[in-house]
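Enquirer:
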Amino acid sequence: MFKTTVVGSYPRVGDTPELQRLRRAIGEFEQGRRSLEELRQVEDDVTREVITEQARAGVDLITDGLIRWYDPVSHLCRHATGFEINGLLRFFDNNFFIRQPVVKEEVHWAGPSVSEEYRFAQAHAGGHPVKAVLMGPYTLARFAKDTHYGDFRALLRDLTVLVRTELVRTLEAGAQDVQVDEPALLEQPGDFPLLLAALRELLDGVKARTCLALYFGSLRGIAEALRELPVTGLLVDVVSRPENLEILAQGAWPADRSLVLGLLDARNTKLEPPEQVAELARRVAGRRPAESLWLAPSFGLELLPREAARRKLERLVECAAFLRRTQR
Amino acid sequence: MILPTTSVGSFPKPEYLTRARTRYARREITRDQLEALERQATEEWIRFQEEIGIDILVDGEMYRGDMCTYFAENMRGFRVSGLVRAYGNRFYKKPVAVARVEYETPITVEWFKFARARTARPVKGMITGPYTMMDWSFNEHYPSRRAFALDLARALHDECLALQEAGAPYIQIDEPALSTKVDELPLAIELTGIVTDGLRARTIMHICYGAFEKVYPAMLDIPVDQLDLEMANSHFDLLDLFRTKPFTKEIGLGVIDVHTHEVEPQDRIEEWLRRTLQVIPKERVYVDPDCGLKTRTVEEAQAKLRVMVDAVRAVRREIGG
Ligand SMILES: [Zn+2]
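Those protein sequences? They're chains R and B, same order as listed. Per the numbering used here, the first sequence runs over residues 1 to 328. Per the numbering used here, the second sequence runs over residues 1 to 321.
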């Protein structure tokens, strides 16, 4: 019980010159001093490095660190038509910014992204399980600036088709674990029915393990409806909103589906004592089959410095070990 | 004078200073050499503001890197983190609270005095507020956000006293993080009360990227004389909000979008000023850009400031101010 996973991103740059080679490569590429191919090689190299770093820390289910993503929102849009990628927009309440996709015409999938990234990661993980991460259509629609459809539902529908195209390719590439992030839902809980419809379409016929990731916001307002979600797992940030832990402790998520508790603060360098993490995890654990519970940080680790992210992963694994050891 | 003009704080660093900062980071030049260039750039900006006729001057923040880290480096209780990504290929270092945060020594006062000695016009004192410092730092010491922020507020109150002592007639508190977590507005109000407690100087709070509709009119309870707001980048939609419930403080009216390369047409700014004066009495309106101009080029920033001053002059003539 208490296996460990991550939410997605990992710091792509560290504090030594060696760990800043991707930053330099991007700068040099932008100045025309490096070819795209050379840049891709550095991305490959750093991706292998963060895969190894996560595996070495002992995390059970890892990602490729989303090293190739410009940001969580514009990544898929950069591999589609119909968008213009525009100015900076704050990503929720973080001091971290994304580029806003502006919808100029009908949006269509235009080329592989996550599927190829997954293929690469899986090939370099040495047999370690890797999960693929996709930003979900609802959150993409919320962050996009629509100048074409004039109708949120119509935009959401086309974005769902777009994300599904990439998701299907990712499954064809062999992914057995797929995570879909929909953090924007927690800001508009009234849109739950819209999200539900989009997810049903997105995941129709999918046999792989699917996990919906919700972070930064509160489950209040959708707690009763969670069980309707057509996914085999749910990942919840219980750090940003402590009430989420109570909501889950009261059985909001069915015990026969997997639950990933985002219990280690991905937005703070402080390392939580395992005793404290264990105590919180047990509030939810009591009512569930042991194998359905996972531990994770509350969000992707790229809001931390590289060194702090590595320590956070090690602490995550220690917390899981502590829980197993002290199991009652 | 009506519609006094001012700036939010930062101006773009001239190229020689950007280069010098890189060289200083690589230890190719000394701290003294860097500071000499920071003084040169500050003087240039003071002269520019005087020349185009700005009424309340700022030092331009030539000496600051990140707005939180600069203050943290000059307080007790912090270390500086490794690099984290801000967006794209941009990275910065964040403060980390590792012990009790305390005021040690004046942080911005020497720069304030330097600027003041070079102009006869009023100069604003400017600090990063406790809420933003707390929200944008890592915290390895305090048990809660509130406990951390309270110590920051007390430390920054001492900085305000020192600025006031040095002759600052206006003190501005920058709280860009405040509008990102609206449910913590009561905490921000409490913190501001500590920072501004007993000050004789006029106090201003600069807030940006606002979901203001969620915090209005509650934000009028922030204990400062003036709220400085981004108005231009939402095309003055906020005026509608101020019609529903009157804006009871002075307003710092952002009329320049700091995220665009385009220099605003003068008649657009004039029109915004006229519309504002229908909603807020003219005695309470100060005019400035939406936010710091540091992300623009020197030329863009100067052109934008010029057109702002020209627009204000035209409107003053109309209303006889
Ligand atoms: Zn601002």
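The beta carbon of each residue, even a glycine, is placed where N, CA and C say it ideally should be. None of these values were measured; they are calculated from a predicted model.
Could you tell me which chain B residues have their CB closer than 8 Å to the CB of Lys270(R), listed as they occur along the chain?
Expert: Here residue 270(R) is taken as the residue at index 270 of the first sequence, counted from 1. Correct list: Phe138, Asn139 and Glu140.
Enquirer: Any idea what DSSP makes of Arg90(B), helix, strand or coil?
Expert: The sequence position of residue 90(B) within the second sequence is 90, counting from 1. Strand, per DSSP.
Enquirer: Measure the C-alpha to C-alpha separation of Phe212(B) and Ser179(B) and round it to an integer number of angstroms.
Expert: Position 212 of the second sequence, counted from the start, is the residue given in the question as residue 212(B). Position 179 of the second sequence, counted from the start, is the residue given in the question as residue 179(B). Distance between the alpha carbons of Phe212(B) and Ser179(B): 7 Å.
Enquirer: Which complete alpha helix (DSSP H) runs does the region 55-114 of chain R hold, if anything under 4 residues is left out?
Expert: 74-77
Enquirer: In this structure, how does DSSP classify Leu323(R) when only helix, strand and coil are distinguished?
Expert: For this step, residue 323(R) is matched to residue 323 along the first sequence. Leu323(R) falls in the helix class under three-state DSSP.
Enquirer: Show which residues of chain R have a CB atom less than 7 Å away from the CB atom of Val258(B).
Expert: The residue labelled residue 258(B) in the question sits at position 258 within the second sequence. For Val258(B), no chain R residue has a C-beta closer than 7 Å to its own C-beta; the minimum C-beta separation is roughly 11 Å.
Enquirer: List, in chain order, every chain B residue whose beta-carbon is nearer than 7 Å to that of Gly87(R).
Expert: Along the first sequence, one-based indexing puts residue 87(R) at 87. What Gly87(R) touches in chain B: His259.
Enquirer: Hey, is Gly336(R)'s beta-carbon within less than 8 Å of any beta-carbon in chain B?
Expert: Within the shown structure, residues of chain R are numbered from 1 to 328, placing residue 336(R) beyond reach of any answer.
Enquirer: Taking 8 Å as the limit between beta carbons, can you name the residues of its chain near Leu196(R), skipping five residues before and five after?
Expert: Stepping through the first sequence from its first residue, residue 196(R) is reached at position 196. If we look at Leu196(R) and ignore the five residues flanking it on each side, its Cβ neighbours are Ala225, Glu228, Leu229 and Pro230.
Enquirer: Would you mind telling me which residues of chain B sit closer than 8 Å to Val13(R), beta carbon to beta carbon, in chain order?
Expert: In the first sequence, counting from the first residue as 1, residue 13(R) sits at position 13. By Cβ distance, chain B contributes Leu83, Arg85 and Phe91.
Enquirer: Would you report the Cα separation of Pro12(B) and Gly65(B), rounded to the nearest angstrom?
Expert: Mapped onto the second sequence, residue 12(B) falls at position 12. Mapped onto the second sequence, residue 65(B) falls at position 65. The alpha-carbon of Pro12(B) is positioned some 11 Å away from that of Gly65(B).
Enquirer: Return the first residue and the last residue of the alpha helix (DSSP H) that Ile207(B) is part of.
Expert: To locate residue 207(B), count along the second sequence from 1; it is residue 207. Note, Ile207(B): premise wrong, no alpha helix (DSSP H); beta strand (DSSP E) at Arg202 to Ile207.
Enquirer: Kindly indicate the opening and closing residues of the alpha helix (DSSP H) around Tyr138(R).
Expert: Taking the first sequence and counting its residues from 1, one reaches residue 138(R) at position 138. Taken as a continuous stretch (DSSP letters only), the alpha helix (DSSP H) holding Tyr138(R) covers Pro137 to Phe143.
Enquirer: How many angstroms separate the CA atom of Lys323(B) from the CA atom of Asp15(R)?
Expert: One cannot answer for residue 323(B) here, as it falls past the ends of chain B, which runs 1 to 321.
Enquirer: In this structure, how does DSSP classify Trp136(B) when only helix, strand and coil are distinguished?
Expert: Position 136 of the second sequence, counting from 1, holds the residue named residue 136(B). In the three-state reduction of the DSSP assignment, Trp136(B) falls in the coil class, being assigned neither a helical nor a strand state.
Enquirer: Can you have a look at Ile54(B) and say buried or exposed, based on whether 16 or more other CB atoms are within 10 angstroms of its CB?
Expert: Working through the second sequence from its first residue, we reach residue 54(B) at position 54. It counts as buried.
Enquirer: What residue ranges within the region 189-259 of chain R form continuous beta strand (DSSP E) runs of no fewer than 3 residues, ordered along the chain?
Expert: 209-214 and 233-237
Enquirer: Any heavy atom of ligand 3 within a distance shorter than 7 Å of the CB on Val231(R)?
Expert: This structure does not include ligand 3; its bound ligands are ligand 1.
Enquirer: Show which residues of chain R have a CB atom less than 9 Å away from the CB atom of Thr180(B).
Expert: The residue you call residue 180(B) lines up with position 180 of the second sequence. The answer, in chain order, is Arg90, Phe92, Asp93, Asn94 and Asn95.
Enquirer: Going by the C-beta, is Pro176(B) closer than 7 Å to any heavy atom of ligand 1?
Expert: Taking the first residue of the second sequence as position 1, residue 176(B) is located at position 176. For Pro176(B), the CB falls within less than 7 Å of some heavy atom of ligand 1.
Enquirer: What in chain B is Cβ-close to Asp71(R), meaning under 8 Å?
Expert: Taking the first residue of the first sequence as 1, we reach residue 71(R) at position 71. Simply Tyr87 and Gly88.
Enquirer: Checking 8 Å against the spacing of the C-beta atoms, do Gly251(R) and Arg287(R) come in under that value?
Expert: Residue numbering aside, residue 251(R) sits at position 251 when the first sequence is read from its first letter. Residue numbering aside, residue 287(R) sits at position 287 when the first sequence is read from its first letter. Taking 8 Å as the Cβ cut-off, Gly251(R) and Arg287(R) qualify as a contacting pair.
Enquirer: Please give me, in chain order, every unbroken run of the beta strand (DSSP E) with length at least 3 that falls completely inside the region 184-245 of chain B.
Expert: 202-207 and 226-229, all fully within the region 184-245 of chain B.
Enquirer: What is the DSSP secondary structure of Met1(B), reduced to helix, strand or coil?
Expert: Indexing the second sequence from 1 puts residue 1(B) at position 1. Coil at Met1(B), not helix or strand.
Enquirer: Listing by chain order, which chain R residues have their CB less than 9 Å from the CB of Val8(B)?
Expert: Start at 1 with the first residue of the second sequence, and residue 8(B) comes out as number 8. Within chain R, no C-beta atom comes nearer than 9 Å to that of Val8(B); the closest sits roughly 17 Å away.
Enquirer: Take the Cβ of Ala41(B) as the centre, count every other Cβ of all protein chains shown within 10 Å, and call the residue buried at 16 or more, exposed below.
Expert: By one-based count along the second sequence, residue 41(B) stands at place 41. Ala41(B) is buried by the Cβ-count criterion.
Enquirer: Any heavy atom of ligand 1 closer than 7 Å to the Cβ of Val329(R)?
Expert: Only positions 1 to 328 of chain R appear in the structure, and residue 329(R) is not among them; the question remains open.
Enquirer: Output needed in chain order: residues of the region 94-111 of chain B with a Cβ under 7 Å from some Cβ in chain R.
Expert: Val96
Enquirer: With distances taken from CA atoms, which of His235(B), Glu184(B), Val279(B) and Pro223(B) is nearest Arg243(B)?
Expert: On the second sequence, residue 243(B) is found 243 positions in, with the first residue counted as 1. Ranking the options by Cα distance to Arg243(B), first place goes to Val279(B).
Enquirer: Identify the contact partners of Ile98(R) in chain B, using a Cβ-Cβ distance below 9 Å as the criterion.
Expert: The count along the first sequence starts at 1 and reaches residue 98(R) at position 98. Ordered by position in chain B, the residues that pass the 9 Å Cβ test against Ile98(R) are Tyr87.
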